[in-house]
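Shown next, in structure tokens, is the structure this report addresses.
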Ligand SMILES: Nc1ncnc2c1ncn2[C@@H]1O[C@H](COP(=O)(O)OP(=O)(O)OP(=O)(O)O)[C@@H](O)[C@H]1O
Ligand SMILES: [Mg+2]
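Protein chains in written order, with this note's numbering: chain A, 1 to 372; chain B, 1001 to 1287.
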């Protein structure tokens, strides 16, 4: 498979080496290194303006990197123009051609490649069936709903059987229900076609549920790359922990380390033990990160475990599957707790109420000791 | 369903200003010209009221007329084509600038047109004349002076200059409306610049091209002042011929016949234009 040498060196679908893009002196993308495997569903996740679109546009060839190299399917693309690259894009605005029918839109890429007319006709029909729009070939894009336009944009791209499909927030314009439907369809399509997807989103749930791997970006840099569970359960930085899911943060200083469990004293003299995903040393300033669903509230006597703090219940919000509780720690700081409602009952005594006292506890593996 | 009488009457009433305007400024003069073209000239130059086809019969054999007509159409086609070729990139450039720059640039294009039309034509005379700016420069550089004035070239240059905004504005309007990410989509799907332009941008800006072409072609083909001042005998156009027959000679019936034939030719040209541009492919056939 590798045209360049021994197979020990696998060919990545896309390889980014030190890719940087500056606009008027400010870096939109900063020293990004990524290796994306063939057939992978890879998501770029990050807040608005973090450089996701810019990165995608460099892979597509609309923007030239200021520095670094991009390799697609083992070939360095350098300043190869977009129309020569074996990638296709699904634009956020879809960018369908309004003067062409759905059929002509979908056929466009094959016509540009000079595929014979008869083959185009059958492949267009197949692509329209793939996105469940077989009867819509003669319509103009403006005669379609948002979700249908989205499917046409998808069909127009995948019909070319690109090595890599770039999707820039393809579902952002859809309402929630349609969005969930399309997420599932997108994932099934990707599995069926085996095309590498590079998927931009700033919806964390979408990224977690669809991706094989996620790259979390901020200010033009990639902060962490990994499978969804790793990103969620073992964030390496405060930013990642905060951006993906909810998190409680307590600043502190490392006092001791044993067996990978770090003892941390918070600024208000709470002593907490937690897991450090990256090496820390006594004396380091750190941030304790604890997800609200990974703690327990216990009533009655002080439980005999290392992390147990007396708290007062401040506010209780019943949301069906969970009850979301805000508690106050002895040092006065507030802390979010989500309790799963695993037992069906109407007994008010089964739920906490504001003013109740309890013990807030967690096991050391649920408290992450982060250095940044 | 038939509309009520009252409704019909109201519709008439509402349309009547347009009807009056059309009748007064378009149909009445037209009828007058048709009327004159069927009379003949008295010896003293006035109109002799006798119904005759003689003017049209004479026109058919008048090779000077046909030559002038073809020259006018040829000049107008050349001017329209060159203006289009210059204006399209210009309008594209303006339409793709940041919003506040667009206004400034459009303004910049229009500022020269605040000076009087005749002043601008005479400025070209100063520029192109035998002792004009260009020839003085050439002489200064030790080169042979060129004969620029009193030529078709001078007429064409001045017309292109004068008509440019009428082409740029409709093209700008079309290009400003155009969603430019579509071009990226076309490149992404394997189109090179030319094919992306032809299959995506051109069909969607065709309305602007049509509007611009008509706005430039019509005044150009009937121009009088530009060819009169800059054209000499070489640039003698249909407007000058009409001037000759209505003012100098005068022979109003013959001039009216020329007007009629000229107008029919123009309508034919516009009809042809729509026929041709309708066939610009925007779909099925692969570039
Ligand atoms: N052509 C450009 N000229 C100047 N600055 C640009 C250009 N394109 C992007 N930027 C800047 O680069 C940064 C990254 O932009 P980018 O569009 O890649 O963000 P994004 O992550 O896609 O954001 P969003 O989620 O809002 O789409 C932004 O600060 C943006 O202002
Ligand atoms: Mg973006």
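Every residue gets a Cβ at the ideal spot worked out from N, C-alpha and C, and that includes glycine.
Span of the beta strand (DSSP E), counted from its first residue to its last, around residue 336 of chain A: Against the first chain, residue 336 of chain A aligns to sequence position 336. Start and end: 334 to 340.
Span separating the alpha-carbon of residue 88 of chain A from that of residue 157 of chain A: In the first chain, counting from the first residue as 1, residue 88 of chain A sits at position 88. In the first chain, counting from the first residue as 1, residue 157 of chain A sits at position 157. Using only the alpha carbons, I get a separation of about 6 Å.
From A:179, A:291, A:94, residue whose alpha carbon lies closest to that of residue 1189 of chain B: Numbered from its first residue, the second chain carries residue 1189 of chain B at position 189. Among A:179, A:291, A:94, the Cα nearest to that of residue 1189 of chain B is on A:94.
Near ligand 1: residue 53 of chain A beta-carbon under 7 Å from a heavy atom: By 1-based counting over the first chain, the position of residue 53 of chain A is 53. Checking every heavy atom of ligand 1 against the Cβ of residue 53 of chain A, one is found closer than 7 Å.
Amino acids of chain A, ordered along the chain, whose beta-carbon sits closer than 7 Å to that of residue 1200 of chain B: Taking the second chain and counting its residues from 1, one reaches residue 1200 of chain B at position 200. The answer, in chain order, is 97.
Proximal residues of chain A, C-beta to C-beta of residue 1175 of chain B below 7 Å: Within the second chain, the letter at position 175 stands for residue 1175 of chain B. Within 7 Å Cβ-Cβ: nothing; residue 1175 of chain B doesn't reach chain A, min ~15 Å.
Within-8 Å CB hit, residue 1249 of chain B to chain A: As a working mapping, residue 1249 of chain B is identified with position 249 in the second chain. No, no contact with chain A.
Interface flag, residue 1190 of chain B vs chain A, CB-CB below 8 Å: As a working note, residue 1190 of chain B is residue 190 in the second chain. For residue 1190 of chain B, the answer is yes, since a Cβ of chain A falls inside 8 Å of its Cβ.
Identity of the residues DSSP links to residue 88 of chain A by a beta bridge: Within the first chain, residue 88 of chain A is the residue found at index 88, counting from 1. Under DSSP, residue 88 of chain A shares a beta bridge with A:165.
Beta-carbon proximity of residue 381 of chain A to residue 196 of chain A, cut-off 8 Å: Beyond the ends of chain A as shown, which are 1 and 372, falls residue 381 of chain A; an answer cannot be given.
Close Cβ partners of residue 277 of chain A (< 7 Å) along its chain, the five nearest in sequence each way excluded: As a first step, residue 277 of chain A is located in the first chain; it is residue number 277 there, counting from the start. Excluding residues within five positions, the ones whose Cβ falls inside 7 Å are 234, 236, 368.
Contained alpha helix (DSSP H) runs [length at least 4] in the segment 1141 to 1190 of chain B, N- to C-terminal order: The DSSP assignment places 1152 to 1177, 1181 to 1188 as complete runs of the alpha helix (DSSP H) inside the segment 1141 to 1190 of chain B, in order along the chain (cut-off: 4 residues).
Beta-carbon neighbours of residue 1288 of chain B, restricted to chain A and to distances below 7 Å: Nothing can be reported for residue 1288 of chain B, as the shown portion of chain B is limited to 1001 through 1287.
heavy atom of ligand 2 below 7 Å from residue 206 of chain A C-beta: Against the first chain, residue 206 of chain A aligns to sequence position 206. Outside the cutoff, so no.
Proximity below 8 Å, CB of residue 223 of chain A to CB of residue 199 of chain A: Residue mapping note: residue 223 of chain A aligns to position 223 of the first chain, counting from 1. Residue mapping note: residue 199 of chain A aligns to position 199 of the first chain, counting from 1. With contacts defined by Cβ atoms closer than 8 Å, residue 223 of chain A and residue 199 of chain A do not form a contacting pair.
Closer than 8 Å to chain B by CB, residue 112 of chain A: Sequence index remark: in the first chain, residue 112 of chain A carries index 112 (1-based). By this cut-off, residue 112 of chain A is an interface position.
Residue 168 of chain A: CB within 7 Å of a non-hydrogen atom of ligand 2: Here the question's residue 168 of chain A lines up with position 168 in the first chain. Residue 168 of chain A: yes, Cβ under 7 Å from ligand 2.
Nearest-angstrom Cα separation, counted from residue 140 of chain A out to residue 97 of chain A: Taking the first residue of the first chain as position 1, residue 97 of chain A is located at position 97. Taking the first residue of the first chain as position 1, residue 140 of chain A is located at position 140. If I take the Cα positions, the gap works out to 9 Å.
Spatially closest choice to residue 25 of chain A from A:18, A:40, A:67, A:46, by CA coordinates: Taking the first chain and counting its residues from 1, the one referred to as residue 25 of chain A is at position 25. Considering only alpha carbons, the answer is A:67.
Reduced DSSP secondary structure (H/G/I, E/B, other) of residue 1213 of chain B: One-based indexing of the second chain puts residue 1213 of chain B at position 213. Reduced to three states, the DSSP call for residue 1213 of chain B is helix.
Rounded C-alpha distance that separates residue 130 of chain A from residue 101 of chain A: By 1-based counting over the first chain, the position of residue 130 of chain A is 130. By 1-based counting over the first chain, the position of residue 101 of chain A is 101. Going by the C-alpha atoms only, they are around 18 Å apart.
beta-carbon residue 215 of chain A near ligand 1 non-hydrogen atom, thresh 7 Å: Counting from 1 along the first chain, the entry for residue 215 of chain A is found at position 215. It does not: the Cβ of residue 215 of chain A is nowhere closer than 7 Å to a heavy atom of ligand 1.
Check: residue 30 of chain A C-beta below 7 Å from any heavy atom of ligand 1: The residue given as residue 30 of chain A occupies position 30 in the first chain. Result no, Cβ not under 7 Å from ligand 1.
Against chain B: residues of the segment 76 to 88 of chain A by CB proximity under 9 Å: 81, 82, 83, 84, 85, 87, 88
Boundaries of the beta strand (DSSP E) in which residue 359 of chain A is found, first to last residue: In the first chain, counting from the first residue as 1, residue 359 of chain A sits at position 359. Run containing residue 359 of chain A: 357 to 361, per the beta strand (DSSP E) assignment.
Enclosing beta strand (DSSP E) for residue 27 of chain A [first to last residue]: Against the first chain, residue 27 of chain A aligns to sequence position 27. Unbroken beta strand (DSSP E) run through residue 27 of chain A: 26 to 36.
Neighbour list for residue 109 of chain A in chain B, Cβ cutoff strictly below 7 Å: Against the first chain, residue 109 of chain A aligns to sequence position 109. Within chain B, the residues near residue 109 of chain A are 1189, 1190.
For residue 105 of chain A and residue 152 of chain A, believed in contact at Cβ under 8 Å, the rounded distance: Indexing the first chain from 1 puts residue 152 of chain A at position 152. Indexing the first chain from 1 puts residue 105 of chain A at position 105. Their Cβ separation, rounded to whole angstroms, is 6 Å, which keeps residue 152 of chain A and residue 105 of chain A in contact under 8 Å.
CB contact check: residue 1211 of chain B to chain A, cutoff 8 Å: Counted from its first residue, the second chain places residue 1211 of chain B at position 211. No, residue 1211 of chain B does not count as interfacial toward chain A.
Residues near residue 112 of chain A by beta carbon distance below 7 Å, same chain, minus five either side: Numbered from 1 along the first chain, position 112 holds the residue referred to as residue 112 of chain A. Here residue 112 of chain A has no same chain residue with a Cβ atom under 7 Å from its own Cβ, once five neighbours each way along the sequence are excluded.
Opposing strand residues paired with residue 1135 of chain B [DSSP bridges]: As a working mapping, residue 1135 of chain B is identified with position 135 in the second chain. Paired residue(s): none; residue 1135 of chain B is not in a bridge.
Within 9 Å of chain B by C-beta, residues of the segment 117 to 132 of chain A in sequence order: Answer in chain order: 117, 120.
Proximity to residue 1161 of chain B [Cα-Cα], best of B:1021, B:1124, B:1277: What you label residue 1161 of chain B is simply residue 161 of the second chain in a count that begins at 1. Residue 1161 of chain B has its Cα closest to that of B:1124, out of B:1021, B:1124, B:1277.
One or two residues paired with residue 318 of chain A in a DSSP bridge: Taking the first chain and counting its residues from 1, the one referred to as residue 318 of chain A is at position 318. Residue 318 of chain A has A:323 as its beta-bridge partners, per DSSP.
Beta bridge counterpart(s) of residue 270 of chain A as assigned by DSSP: As a position in the first chain, residue 270 of chain A is number 270, starting the count at 1. Residue 270 of chain A is not bridged to any residue.
Boundaries of the alpha helix (DSSP H) in which residue 1110 of chain B is found, first to last residue: Residue mapping note: residue 1110 of chain B aligns to position 110 of the second chain, counting from 1. Annotation: the continuous alpha helix (DSSP H) that includes residue 1110 of chain B extends over 1099 to 1110.
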